[in-house]
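K.L.:
Submitted below is the structure of interest, expressed as structure tokens.
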Amino acid sequence: MFEPLFARLSDRYHLVAPDYPGFGHSDWPDPKKFAYTFDHCAEIMKRFTEALGAFALYAYMQDYGGPNGLSDGAG
Numbered sequence: 061m062f063e064p065l066f067a068r069l070s071d072r073y074h075l076v077a078p079d080y081p082g083f084g085h086s087d088w089p090d091p092k093k094f095a096y097t098f099d100h101c102a103e104i105m106k107r108f109t110e111a112l113g114a115f116a117l118y119a120y121m122q123d124y125g126g127p128n129g130l131s132d133g134a135g
């Protein structure tokens, strides 16, 4: 779904499109061992962007991306 947008932006931006755990093409952790909450997914994405050093960024979000991307005020 994002491929046409990425094609238009890729010559001007470094693009990253992570999946949330259990969504997209990522592994599906056992719900007994992994809390599928907005707060937990937001914490994972915060650590992910910190690991990348992505402190100045634009975020394109939809659906679950909105609550997760904006929950810690870093979006």
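So the number in this note's numbering is just where the residue sits in the sequence shown, counting from 1, plus 60.
C-beta: ideal position from N, C-alpha, C; glycine also.
Computed from a predicted model, the values in this text were never measured in an experiment.
1. Cα-Cα, which of F108, A114, E63 and A116 is closest to P81?
2. Tell whether a beta-carbon distance below 8 Å holds between L75 and F66.
3. Taking the alpha-carbon positions, what's the H85 to F62 distance?
4. In this structure, how does DSSP classify D79 when only helix, strand and coil are distinguished?
P.N.:
Here's the rundown:
1. Ranking the options by Cα distance to P81, first place goes to F108.
2. With contacts defined as CB atoms closer than 8 Å, L75 and F66 qualify as a contacting pair.
3. Roughly 14 Å between the two C-alpha positions.
4. DSSP, read as helix, strand or coil, puts D79 in coil.
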